[in-house]
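For the sequence shown, UniProt numbering assigns the number 1 to the initial residue and increments by one for each residue that follows.
Okay, so here's the structure we're looking at.
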Amino acid sequence: MKTFQCNCKDQPILFFESTHCIACSRTVGLDDEFDQVEPYELDQKTGLFFKAATPKIHYKKCDNNEQFNACNGMVNLSTFVPDPDNEEMLCFGCRFNETVPDLNIVEHIPLWKKMETAKRRALYTLKALPIPLQALSENPETGLSFDFIADRDVNDHFTSPLAGHETVFTGHDCGHITINLAEADDVARSQTKHAMGERYRTLLGHFRHELGHYYFDQLITHSPKKHALCKQYFGDDQLDYQEALNQHYEQGAPQNWRDTFISEYATMHPYEDWAETWAHYMHIIDTLETAQNFSMAGSTSGVEADTEELGELNLPQDASYFRRQTDINSILDTWMDFSVMLNSLNRSMGLSDAYPFVLTQAVRTKLSFIHHAIHNKLHLLPPIKITAQNKKKTNSKNKIK
């Protein structure tokens, strides 16, 4: 994630979540282009906002911004199309929400804000890539939507079940992503992390993982050729999902899982291997963008000579490995060098490694498949075979994590 800059005299830095400039106190936010955090002027007579460069285009704060400070979205009134079934005025990011937590419970509000922050960061990266990104309200057939729901009591860190509430499982189903509000509670998430023996569990990671399932449907499922090629890299996704789930939680991952998988959970089923690998690809490109923004990623000399002619990556910054479609090996080599620095910085602060994972050649191969699938260039990949798990046939892919 890059940083931004106010255009006032002091030109202070603005962050993705900024709502005001600390120097001039003006409102700042993201409009529906969802690519730039910038300042807005307030028309005292009308109460509407405008950008200095385009004073005739008026904006209002997103309802979730105005009422709850849950986002920093600004709605362009000249392009906003009201939903006849919904009187809310929502920004680009908030239009993906189908259900938000019960906001009459005031303790839910700060946790919901955390959910919104993670969701918007995930969407920002996706919107910069050449892949479909539409809310369900825009595209009822293949659009994306989110439910953020609580099934336990926030006051004891989601330990006690709420009467009359069904258990909420974080997961994806046909474009609809559900995330349990408990994942935004640091205590509850930490307890789950330790109970499951995980090395990494974050709210942003959940969004990226579940979005991976969504983009498997968008990029792979409807193309028999792509789907067949995907099976060569990740294994046969027709294996029985429920049986695989039961086996994973009863027996755990195989001892040699690190040789071919990015995480233990990825060993459970090819669907989860894809989703985990997708999430890591998003971790990598977003963190490298941040590093480049602060001139931390080091030299990129020699990268251009090893560039595939695949069009532009179009990420919103000027790093050479993002300016045009760079060879995935160059991205991963840069990441491996940078992740050592990243982990060393964490250790200097007495923290655990920020990226406690190893990119073996098999994992790099899968990341390469993700990279080429995003850019619709799978025809450039050789049909490399990755050994699949020995599990049985299924017609289900609903997941629990």
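Note that beta-carbon positions come from the ideal geometry of N, C-alpha and C, so glycine has one too.
- Given 8 Å as the limit, is there contact between the region 280–287 and the region 220–228, that is, 3 or more CB pairs closer than that? no
- Message: Short of 7 Å in beta carbon distance, which residues of its chain neighbour residue 71, apart from the five on each side in sequence? Order them along the chain.
- Response: Here the question's residue 71 lines up with position 71 in the sequence shown. Spatial neighbours of residue 71 in its own chain (CB-CB distance under 7 Å, excluding positions within 5 residues in sequence) are listed in chain order as 62, 64, 65, 91, 93, 94, 116, 120.
- Message: According to DSSP, is residue 435 part of a helix, a strand, or is it coil?
- Response: Lying before the first or after the last residue shown, residue 435 is absent from the chain, which here runs from 1 to 401.
- Nearest-angstrom Cα distance between residue 124 and residue 255? Sequence index remark: in the sequence shown, residue 124 carries index 124 (1-based). Sequence index remark: in the sequence shown, residue 255 carries index 255 (1-based). Cα-Cα distance, rounded: 37 Å.
- Message: Check for me: the alpha helix (DSSP H) holding residue 329 runs from which residue to which?
- Response: Locating residue 329 in the sequence shown gives position 329, counting from the first residue. Annotation: the continuous alpha helix (DSSP H) that includes residue 329 extends over 328–348.
- Item | Where the beta strand (DSSP E) through residue 171 begins and ends | On the sequence shown, residue 171 is found 171 positions in, with the first residue counted as 1. Looking at the DSSP string, the run of the beta strand (DSSP E) that includes residue 171 is 171–173.
- Residues bridged to residue 76 by DSSP? What you label residue 76 is simply residue 76 of the sequence shown in a count that begins at 1. Looking at the DSSP assignment, residue 76 forms a beta bridge with 59.
- Own chain partners of residue 150 with C-beta closer than 6 Å, once the 5 adjacent residues on each side are dropped: Along the sequence shown, read from residue 1 onward, the residue named residue 150 stands at position 150. Answer for residue 150: 101, 181, listed in chain order.
- Message: Relative to the C-alpha of residue 270, which candidate in 216, 292, 126 has its C-alpha closest?
- Response: For the purposes of this step, residue 270 is identified with residue 270 of the sequence shown, where counting begins at 1. Cα-wise, what sits closest to residue 270 is 216.
- Return the CA-CA distance between residue 58 and residue 295, expressed in angstroms with no decimal places. Sequence index remark: in the sequence shown, residue 58 carries index 58 (1-based). Sequence index remark: in the sequence shown, residue 295 carries index 295 (1-based). A straight-line Cα-Cα distance of about 36 Å links residue 58 and residue 295.
- Give the DSSP-derived three-state secondary structure of residue 352 in the structure shown. In the sequence shown, the residue the question calls residue 352 occupies position 352. Residue 352 falls in the coil class under three-state DSSP.
- Query: Helix or strand or just coil, what does DSSP make of residue 168?
  - Reply: The sequence position of residue 168 within the sequence shown is 168, counting from 1. Judged by DSSP in its simplified three-state form, residue 168 adopts coil rather than helix or strand.
- Task: May I have a chain-ordered list of the alpha helix (DSSP H) segments no shorter than 4 residues that lie completely inside the region 191–247?
- Result: 203–216, 224–234
- Message: Is it buried or exposed, residue 172, if we count other Cβ atoms within 10 angstroms and call 16 or more buried?
- Response: As a working note, residue 172 is residue 172 in the sequence shown. Under this definition residue 172 is a buried residue.
- Message: Between which two residues does the beta strand (DSSP E) holding residue 178 run?
- Response: Sequence index remark: in the sequence shown, residue 178 carries index 178 (1-based). From DSSP, the beta strand (DSSP E) with residue 178 extends over 176–180.
- Message: If I measure Cβ to Cβ from residue 167 and keep anything under 7 Å in the same chain, skipping five residues before and after, which residues do I get?
- Response: In the sequence shown, residue 167 corresponds to position 167, counting from 1. Counting only Cβ-Cβ distances below 7 Å, and skipping sequence neighbours, we find 151.
- Query: CA-CA distance, residue 293 and residue 4?
  - Reply: Your numbering for residue 293 matches position 293 in the sequence shown. Your numbering for residue 4 matches position 4 in the sequence shown. C-alpha separation (whole angstroms): 10 Å.
- Contact under 8 Å by Cβ, residue 40 with residue 89: Indexing the sequence shown from 1 puts residue 40 at position 40. Indexing the sequence shown from 1 puts residue 89 at position 89. Against a cut-off of 8 Å, the Cβ pair of residue 89 and residue 40 comes out as no contact.
- Query: Relative to the C-alpha of residue 197, which residue among 174, 358, 263, 145 is closest?
  - Reply: The sequence position of residue 197 within the sequence shown is 197, counting from 1. The shortest C-alpha separation from residue 197 is found at 263.
- Report the three-state DSSP secondary structure of residue 145 (helix, strand or coil). Taking the sequence shown and counting its residues from 1, the one referred to as residue 145 is at position 145. Looking at residue 145 - three-state DSSP - the assignment turns out to be strand.
- Mind checking residue 419: buried by the 16 CB within 10 Å criterion, or exposed? The structure shown does not extend to residue 419, since the chain is modelled only from 1 through 401, so no value can be given for it.
- Query: DSSP three-state call for residue 41: helix, strand or coil?
  - Reply: For the purposes of this step, residue 41 is taken as residue 41 along the sequence shown, with counting starting at 1. Residue 41 falls in the strand class under three-state DSSP.
- Item | Proximity to residue 135 [Cα-Cα], best of 129, 126, 145, 128 | One-based indexing of the sequence shown puts residue 135 at position 135. The candidate whose alpha carbon is nearest that of residue 135 is 145.
- Query: How many Å lie between residue 330 and residue 199 at the Cα?
  - Reply: Position 330 of the sequence shown holds residue 330. Position 199 of the sequence shown holds residue 199. Here the alpha carbons of residue 199 and residue 330 stand approximately 26 Å from one another.
- Item | Residue from 38, 261, 287, 122 with nearest C-alpha to residue 204 | In the sequence shown, the residue the question calls residue 204 occupies position 204. Measuring from the Cα of residue 204, the nearest candidate turns out to be 122.
- residue 23 classed as buried or exposed, judged by whether at least 16 other C-beta atoms fall within 10 angstroms: For the purposes of this step, residue 23 is identified with residue 23 of the sequence shown, where counting begins at 1. Residue 23 is exposed by the Cβ-count criterion.
- Query: Smallest Cα separation from residue 335: which of 360, 348, 351?
  - Reply: For the purposes of this step, residue 335 is taken as the residue at position 335 of the sequence shown. Taking only the C-alpha atoms, the option nearest residue 335 is 360.
- By Cβ distance, which residues of its chain are closer than 7 Å to residue 31, with the 5 residues on each side in sequence left out? Taking the sequence shown and counting its residues from 1, the one referred to as residue 31 is at position 31. So the list reads 59, 74, 76, once near-sequence residues are dropped.
- Query: Just checking my contact of residue 169 with residue 178 at CB under 8 Å: how many whole Å lie between their CB atoms?
  - Reply: Taking the sequence shown and counting its residues from 1, one reaches residue 169 at position 169. Taking the sequence shown and counting its residues from 1, one reaches residue 178 at position 178. Right, the Cβ-Cβ distance comes to about 7 Å (below 8 Å), so this counts as a contact.
- Item | Residues near residue 363 in its chain [Cβ-Cβ closer than 6 Å; skip 5 each side] | As a working note, residue 363 is residue 363 in the sequence shown. 262, listed in sequence order.
- Message: Given this structure, state the Cα-to-Cα distance separating residue 27 from residue 238, to the nearest angstrom.
- Response: Translated into the one-based positions of the sequence shown, residue 27 becomes position 27. Translated into the one-based positions of the sequence shown, residue 238 becomes position 238. Roughly 51 Å between the two C-alpha positions.
- Query: If you draw a straight line from the alpha carbon of residue 48 to that of residue 373, how long is it in whole angstroms?
  - Reply: To locate residue 48, count along the sequence shown from 1; it is residue 48. To locate residue 373, count along the sequence shown from 1; it is residue 373. Answer to the nearest angstrom: the Cα atoms are 42 Å apart.
- Message: Threshold first: 3 residues or longer. Then list the beta strand (DSSP E) segments lying entirely within the region 12–41, N to C.
- Response: 27–30
- Item | Beta-carbon contacts of residue 143 that lie in its chain and below 8 Å, excluding the five residues immediately before and after | Counted from its first residue, the sequence shown places residue 143 at position 143. Excluding sequence neighbours, residue 143 sits near 134, 135, 136, 137, 175.
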